[in-house]
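Just below is one structure, and these are the notes that go with it.
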Amino acid sequence: MPKIVLFSVFGLALVACGDDDGPTEPENTAPDVADRTFKVKENAMNGTTVGTVQATDAEKDKLTFSINSGNTDNVFEINAASGAITIAGTLDFENTPDYTLAVKVSDGELAGTADITVNVTDVDVPGEYLPQRDIPANIATSPIALWSDGTTIWVVDNNDAKLYAYTLATKARDAAKDIDLDADNANPSGLWSNKTTIWVTDWNDAKLYAYTLATRVRDAAKDIDLDADNDRSVGIWSDGTTLWVVQNESGSSGGDELYAYNLTTGVRDPAKDFDLDSDNILPRGLWSDNTTIWVADVYIRKLYAYTLATGKRDAAKDFDRLADFRAPTGLWSDGTIIWVAKPGRFYAYRLK
3 MPKIVLFSVF GLALVACGDD DGPTEPENTA PDVADRTFKV KENAMNGTTV GTVQATDAEK
63 DKLTFSINSG NTDNVFEINA ASGAITIAGT LDFENTPDYT LAVKVSDGEL AGTADITVNV
123 TDVDVPGEYL PQRDIPANIA TSPIALWSDG TTIWVVDNND AKLYAYTLAT KARDAAKDID
183 LDADNANPSG LWSNKTTIWV TDWNDAKLYA YTLATRVRDA AKDIDLDADN DRSVGIWSDG
243 TTLWVVQNES GSSGGDELYA YNLTTGVRDP AKDFDLDSDN ILPRGLWSDN TTIWVADVYI
303 RKLYAYTLAT GKRDAAKDFD RLADFRAPTG LWSDGTIIWV AKPGRFYAYR LK
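Position 208 of the sequence shown, counted from 1, bears residue number 210 in this note's numbering, the numbering being contiguous throughout.
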């Protein structure tokens, strides 16, 4: 009997010892999430992957990802299982160049957070309005055309029969470079220069009036007499060899076209003429990058595009009813920005 009792006590002791020394459940810790910075173009399509949030969990629990804040207009989505962030809305660099997303990662009990920065990169969009590049026509009361040598910009004022000068970079007036027009050039409507001579059209005269740019005096010897049918001349532009002059027939009667002349001799070159689109009924200014030529229309309020070499329409390159397009008249571009003359201001748009 005593032996049996001793065995039972020993067995109990073994059991008690096993309960005290067994393994303990590990303490749960929150997922570890790293701050990240991603970059995406403002024209990225919906569904485009921006980047993937990286997170680890010591206990290897299943993780769930979500965006807590910073997702203005819900332009981003995050995959709850993988942490991949994709585009779900429209980005606009000018309005919101960057986002800071507070991303939460949960293991079902605890959560970690991280700041995910998304930098939106600017994409040049042709036709985009650039108000910061506008030029106020604060002196010219009726600006209808403009031309620049890259430093100074000259503005035709129809009411004053004068070319007003501004510094292109600063937009400040440069009255010393103003050009008073000839008394017979009383209805100016367009201008162009080869940086030596500047020619000015006249709405009521089939003639281009010439002035020496450096001295700002008349140079009648370089006047160009236009075709008798080119008696409503408005916009003017040249590639240095051929000079094109817009003929604007009265009202919306049609018959509008670009007349071509040899710049050196002033002789007509009808092989390079081209008719304007039937909807381009009130053409005014024009400008070209030597591939495409744009013609402003004050009635339709758009810029019509044509292929310079062929005269064919290229509607894909039209500037169609852009912001503040009120009666667009003259055009000039530095190759990147195109300025459009309208009442009281020269509005700037991205050319390319």
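Quick reminder that beta carbons are idealized off the backbone N, C-alpha and C, glycines included.
Only a predicted model underlies this, so the values are computations on that prediction, with no experimental measurement involved.
**Report entry** Sheet register partners of residue 115 (DSSP bridge)
**Finding:** Checking the DSSP bridge columns, you'll see residue 115 partnered with 106.
Query raised in the report: What are the partner residues of residue 303, as DSSP defines its beta bridges?
Result: DSSP, once it has assigned bridges, lists no residue as partnering residue 303.
Query raised in the report: Which two residues bound the contiguous beta strand (DSSP E) that contains residue 68?
Result: Unbroken beta strand (DSSP E) run through residue 68: 66-71.
Query raised in the report: Can you give the beta carbon distance from residue 244 to residue 265, rounded, assuming they're within the 8 angstroms contact cut?
Result: Yes, they are in contact, since the Cβ atoms of residue 244 and residue 265 sit about 6 angstroms apart, within 8 angstroms.
Query raised in the report: Taking Cβ positions, are residue 212 and residue 221 nearer each other than 8 angstroms?
Result: Cβ distance < 8 angstroms, so residue 212 and residue 221 count as in contact.
Requested in this report: Look at the Cβ atom of residue 90, then the Cβ atom of residue 77, and state whether they are nearer than 8 angstroms.
Outcome: Yes, they are a contact pair.
Query - Complete runs of the alpha helix (DSSP H) confined to the segment 237-305 [at least 4 residues] - result: With a minimum length of 4 residues, no continuous alpha helix (DSSP H) run stays inside the segment 237-305.
Report task. Indicate whether residue 348 and residue 139 have their beta-carbon atoms separated by less than 8 angstroms. Result -> Closer than 8 angstroms, so yes.
Query - residue 76 - DSSP class collapsed to helix/strand/coil - result: The three-state secondary structure of residue 76, taken from DSSP, is helix.
Report task. Please determine, among 214, 183, 118, 127, the residue with the shortest C-alpha to C-alpha distance to residue 40. Result -> The residue with the shortest Cα to Cα distance from residue 40 is 118.
**Report entry** For residue 218, three-class secondary structure by DSSP
**Finding:** Residue 218 falls in the coil class under three-state DSSP.
Query raised in the report: Is it right to say residue 337 is buried, meaning 16 or more other beta carbons lie within 10 angstroms of its own, or is it exposed?
Result: Residue environment: residue 337 is assigned as exposed (fewer than 16 neighbouring CB atoms within 10 Å of its CB, all protein chains considered).
Report task. May I have a chain-ordered list of the beta strand (DSSP E) segments no shorter than 3 residues that lie completely inside the segment 318-350? Result -> Listed in chain order, the complete beta strand (DSSP E) runs (minimum 3 residues) inside the segment 318-350 are 333-335, 339-344.
Requested in this report: Specify the secondary structure class of residue 356 as computed by DSSP and reduced to three states.
Outcome: The question about residue 356 has no answer here: the residues shown for the chain are numbered 3 through 354.
Report task. Say whether the segment 49-65 touches the segment 130-138, bearing in mind that this needs 3 or more beta-carbon pairs closer than 8 angstroms, one atom from each stretch. Result -> No: the two stretches stay apart, fewer than three of their Cβ pairs being nearer than 8 angstroms.
Query raised in the report: Does the Cβ of residue 206 have 16 or more other Cβ atoms within 10 Å, making it buried, or fewer, making it exposed?
Result: Around the CB of residue 206, fewer than 16 other CB atoms lie within 10 Å, so the residue is classed as exposed.
Report task. Compare the beta carbon distance of residue 192 and residue 227 with 8 angstroms and say whether it is the shorter of the two. Result -> Between residue 192 and residue 227, the C-beta gap is not smaller than 8 angstroms, which leaves the two residues out of contact.
Query raised in the report: Taking just the CA atoms, how far does residue 202 sit from residue 242?
Result: Spanning the two alpha carbons is a distance of roughly 16 angstroms.
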